[in-house]
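Chains as they are written, first to last, in this note's numbering: chain A, 1 to 115; chain B, 116 to 228.
Input: a single structure, listed below in structure tokens.
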């Protein structure tokens, strides 16, 4: 199956700093990628849809100025959590659908801890 | 609105069969997915249903009834490694050229000897 990678896998940062998370499709091109957030023992909540070459589409309640998304190429989308606070501590997961397919391929996730 | 319900937790015995139910009410429907997720890991794809009926894949089967807004995942010959969360997700809505996935809260399955 297709492979999606994320980097870093874990990050610990101080409150007020910004953190960048990368999502890469390794063996296919992804014009669209999805970013999810998952709190402990809860399900995945869609944050935004990343579109190559255009602005991201954010879900209701997600601050676009806090969660900056850049989809600069057909294989890379980045999520930057700006001025992170402890409540932003979560598991962030990206996914990418392969064109013509039904399945979304998920990255391994990034565990963010804000102190 | 969008609503996907599944039981929070289930327990079962190794070698047994377990059925995890999922009911949904969404503004649109273009398929239902089941994913398995181990703690701290990303979800992995198990099954996809878009038409009514049963899809079988090895030890796992998934059923869909669109008129009832209902699906179940059936796991046979349970193994200890099947202990995980099982996520029901409906493809609904449209964003960026692809339908979005709306996830249920997940069912944590514990398999014991």
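Glycine included, every Cβ here is placed at the ideal spot set by N, Cα and C.
For residue i, name the three-state secondary structure that DSSP assigns.
{"i": "residue 86(A)", "result": "helix"}
{"i": "residue 27(A)", "result": "coil"}
{"i": "residue 197(B)", "result": "helix"}
{"i": "residue 112(A)", "result": "strand"}
{"i": "residue 160(B)", "result": "strand"}
{"i": "residue 120(B)", "result": "strand"}
{"i": "residue 152(B)", "result": "strand"}
{"i": "residue 38(A)", "result": "strand"}
{"i": "residue 51(A)", "result": "strand"}
{"i": "residue 3(A)", "result": "coil"}
{"i": "residue 223(B)", "result": "strand"}
Tell me which residues share the same chain as residue i and place their Cβ nearer than 6 Å to its Cβ, disregarding the 5 neighbours each side in the sequence.
{"i": "residue 164(B)", "result": "147, 170, 177, 179"}
{"i": "residue 24(A)", "result": "5, 75, 76"}
{"i": "residue 120(B)", "result": "138"}
Could you work out which residue in the options is closest to residue i when comparing CA atoms only?
{"i": "residue 117(B)", "options": "207(B), 126(B), 192(B), 226(B)", "result": "207(B)"}
{"i": "residue 186(B)", "options": "127(B), 128(B), 138(B), 123(B)", "result": "138(B)"}
{"i": "residue 78(A)", "options": "44(A), 60(A), 69(A)", "result": "69(A)"}
{"i": "residue 216(B)", "options": "13(A), 48(A), 39(A)", "result": "48(A)"}
{"i": "residue 116(A)", "options": "112(A), 107(A), 62(A), 73(A)", "result": "Only positions 1 to 115 of chain A appear in this structure, which leaves residue 116(A) out of reach."}
{"i": "residue 30(A)", "options": "81(A), 91(A), 105(A), 40(A)", "result": "105(A)"}
Using a Cβ cut-off of 9 Å, pull out every chain A residue sitting near residue i, in sequence order please.
{"i": "residue 215(B)", "result": "34, 46, 49, 59"}
{"i": "residue 202(B)", "result": "43, 44"}
Near residue i, what residues of its chain come up, given a Cβ to Cβ distance below 7 Å and the 5 sequence neighbours on each side ignored?
{"i": "residue 192(B)", "result": "130, 174"}
Give the interface partners of residue i over in chain B, defined as CB-CB distance under 7 Å, in chain order.
{"i": "residue 102(A)", "result": "146, 163"}
Determine, using beta carbons only, whether residue i comes closer than 8 Å to chain B.
{"i": "residue 93(A)", "result": "yes"}
{"i": "residue 43(A)", "result": "yes"}
Can you pull the chain A residues whose beta carbon is under 7 Å from the beta carbon of residue i, in chain order?
{"i": "residue 143(B)", "result": "Here the premise fails: no neighbours, minimum Cβ distance about 14 Å."}
{"i": "residue 160(B)", "result": "103"}
Apart from the five residues on each side of it in sequence, which residues of its chain come closer than 8 Å, Cβ to Cβ, to residue i?
{"i": "residue 125(B)", "result": "133, 135, 222, 223, 224, 225"}
{"i": "residue 83(A)", "result": "16, 17, 18, 66"}
{"i": "residue 158(B)", "result": "150, 151, 152, 202"}
Does any CB atom of chain A fall closer than 8 Å to the CB of residue i?
{"i": "residue 166(B)", "result": "no"}
{"i": "residue 220(B)", "result": "yes"}
{"i": "residue 175(B)", "result": "no"}
Applying a beta-carbon distance threshold of less than 8 Å, which residues of chain A neighbour residue i?
{"i": "residue 156(B)", "result": "108, 109"}
Does the distance between the C-beta of residue i and the nearest non-hydrogen atom of the ligand ADP fall short of 7 Å?
{"i": "residue 204(B)", "result": "The ligand ADP is not among the ligands present in this structure, which contains no ligands whatsoever."}
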